[in-house]
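Read through the structure below, which is laid out as structure tokens, and then see the notes.
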Amino acid sequence: MLSSLFILADTGDIIIEKHWRGIINRSICEYFWDQKISAESEGSSVAPVITTPKYYLVNIKRTTIYFLGVLQNECSPLLVVDFLQRIYDVFIDYFGQNLNESIIRDNFVHVYQLIEEMADNGFPFTTEPNFLKEMIKPPNVVSNLLQGVTGTSNISDNLPNGSLGAIQWRKTGIKYTSNEIFFDIIEEIDCIIDSNGFVVSCEVNGEIQVNCKLSGMPDLTLTFNNPRMLDDVSFHPCVRYSRWENDRVLSFIPPDGSFKLMNYRIKGINQLPIYVKPQISFGEGGGRVNVLVGSKNTNNKPVENVFVTIPFPKTTTAVNLTSNVGGHFTEDKVCKWNIGKIPKEKTPMLSGNVVLAAGQPLPEANPSIMVQFKIAMFTISGLGVDSLACSEKYKPFKGVRSVTRAGKFQVRA
Numbered sequence: 001m002l003s004s005l006f007i008l009a010d011t012g013d014i015i016i017e018k019h020w021r022g023i024i025n026r027s028i029c030e031y032f033w034d035q036k037i038s039a040e041s042e043g044s045s046v047a048p049v050i051t052t053p054k055y056y057l058v059n060i061k062r063t064t065i066y067f068l069g070v071l072q073n074e075c076s077p078l079l080v081v082d083f084l085q086r087i088y089d090v091f092i093d094y095f096g097q098n099l100n101e102s103i104i105r106d107n108f109v110h111v112y113q114l115i116e117e118m119a120d121n122g123f124p125f126t127t128e129p130n131f132l133k134e135m136i137k138p139p140n141v142v143s144n145l146l147q148g149v150t151g152t153s154n155i156s157d158n159l160p161n162g163s164l165g166a167i168q169w170r171k172t173g174i175k176y177t178s179n180e181i182f183f184d185i186i187e188e189i190d191c192i193i194d195s196n197g198f199v200v201s202c203e204v205n206g207e208i209q210v211n212c213k214l215s216g217m218p219d220l221t222l223t224f225n226n227p228r229m230l231d232d233v234s235f236h237p238c239v240r241y242s243r244w245e246n247d248r249v250l251s252f253i254p255p256d257g258s259f260k261l262m263n264y265r266i267k268g269i270n271q272l273p274i275y276v277k278p279q280i281s282f283g284e285g286g287g288r289v290n291v292l293v294g295s296k297n298t299n300n301k302p303v304e305n306v307f308v309t310i311p312f313p314k315t316t317t318a319v320n321l322t323s324n325v326g327g328h329f330t331e332d333k334v335c336k337w338n339i340g341k342i343p344k345e346k347t348p349m350l351s352g353n354v355v356l357a358a359g360q361p362l363p364e365a366n367p368s369i370m371v372q373f374k375i376a377m378f379t380i381s382g383l384g385v386d387s388l389a390c391s392e393k394y395k396p397f398k399g400v401r402s403v404t405r406a407g408k409f410q411v412r413a
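Given below as structure tokens:
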């Protein structure tokens, strides 16, 4: 598996380095950075797997941080990518969503301790956030102050109960006064719509987040209303995959607290929850803009946080637009229209004209409009939880929420 792990800032500086098999020369990071700069100069991103005469370099970029794994032997690249992603997820769980270089440097001790626990000689070992929090306490103002004054360690002397058993993701002896479990179904739409309003490509990427507060060692069976629609499914290790393959139900003993139960992908979605009708044309000296936005097929659920981005040609010198809903502004020749919640009584519309530089050729193509939105308590796929059975004597309270939002939602004008 991994010989070394480097965490790099977006400037190329090494923030963290961890070696398991010998000391990998830092020049390997310089080589990786040269490959990144070369790829960006050609208008692409750096390859996730880079082969050198001695090493394999596997990397992921999250926010402004690069996680670079160095391997000396052949290994499944997806295993390495998944492990690097798990390290990033744990960091987010410990240090918050706005992970950056300064946060990692400020929490250097915690970061190094987490990497030590998550990998054993370069192989994935303890990756469950719940167990890691039992062993390494998350940083806070009080613990940092005590550690600085008294020199006490934030590492527990005892292993969590059940960490050496067959069910490594759940400790024993858990008790709650009210037993409840909550499911969050989150779906993102990646879609391209052509200038005639037809769907060129569309897929839904979804995940199910769980917050479990159940006593004992519950064995759960979860059924969906239409599980056959799910493609490319990946599960938390607690899920019994054979049961899913045979019966299309989820059978599992859940971890305690918050965790991601599964990811899935659905293709062939044609009924979109929002429509965008752009009419943009360019002529001598300028162009005319008219964009309509509305909701459809949402089961009367409101479409919120609607944000439309329209990039105009580089030869644009002035933009004069008006909107009947929300506010808009133009920055660096990009119009950003914040609609907010789509009202029922009128259709949001943006109209006006743009001025092009004199003597310049007309744009070869109309701009591609990017749209963001969110619909609460709605799944575009129609997926929902049908039933939940529990092996324990109590009957748990089950809560289900859902949200649909735009991923890369592009409309070609």
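Mapped onto the UniProt record's numbering, the consecutive letters of the sequence shown carry residue numbers 1 to 413. Note that the Cβ used here is the ideal one computed from N, Cα and C, for glycine as well. In this text, all values refer to a predicted model and were calculated from it rather than measured experimentally.
query                                                                                                       : result
Close Cβ partners of Lys213 (< 6 Å) along its chain, the five nearest in sequence each way excluded         : Tyr176 and Glu180
Three-state secondary structure assigned by DSSP to Phe235                                                  : strand
Closest by C-alpha distance to Lys296, when choosing among Tyr275, Ile16, Ser102 and Gln360                 : Tyr275
Paired residues, beta bridge with Met217 - DSSP                                                             : Per DSSP, none; premise fails for Met217.
Spatially closest choice to Cys390 from Val249, Asp120 and Thr221, by CA coordinates                        : Thr221
Integer Cβ distance of Arg405 from Glu188, believed to fall under 8 Å                                       : 6 Å
Touch test, the segment 327-336 against the segment 255-270, Cβ-Cβ under 8 Å, three pairs minimum           : no
Contact set for Pro367: own chain, Cβ-Cβ below 7 Å, skip 5 residues either direction                        : Ile280, Ile310, Pro311, Phe312 and Ala413
Of the residues Ser323, Val210, Ala9 and Phe397, the one placed nearest Ile342, counting alpha carbons only : Ser323
Residue of Pro53, Ser27 and Met118 minimising C-alpha distance to Phe131                                    : Met118
Three-state class that DSSP yields for Trp244 in the structure shown                                        : helix
Cβ-based neighbour list, residue 468, same chain, cut-off 6 Å, excluding 5 preceding and 5 following        : Residue 468 is absent from the model: the chain starts at 1 and stops at 413.
Check whether Ile7 and Phe67 have beta carbons under 8 Å apart                                              : yes
Bridge partner(s) assigned by DSSP for Tyr66                                                                : Leu8 and Lys61
Residue burial classification, Thr126 (beta-carbon count within 10 angstroms, cutoff 16)                    : buried
8 Å CB neighbourhood of Glu74 in its chain, flanking five on each side removed                              : Tyr56
Which of helix, strand or coil DSSP assigns to Leu84                                                        : helix
Closest by C-alpha distance to Pro273, when choosing among Ser102, Gly382, Asp13 and Asn338                 : Gly382
Option nearest Cys191 by Cα separation, candidates Val233, Glu203, Asp184 and Phe182                        : Glu203
Beta-carbon gap between Ser3 and Gly122 smaller than 8 Å                                                    : yes
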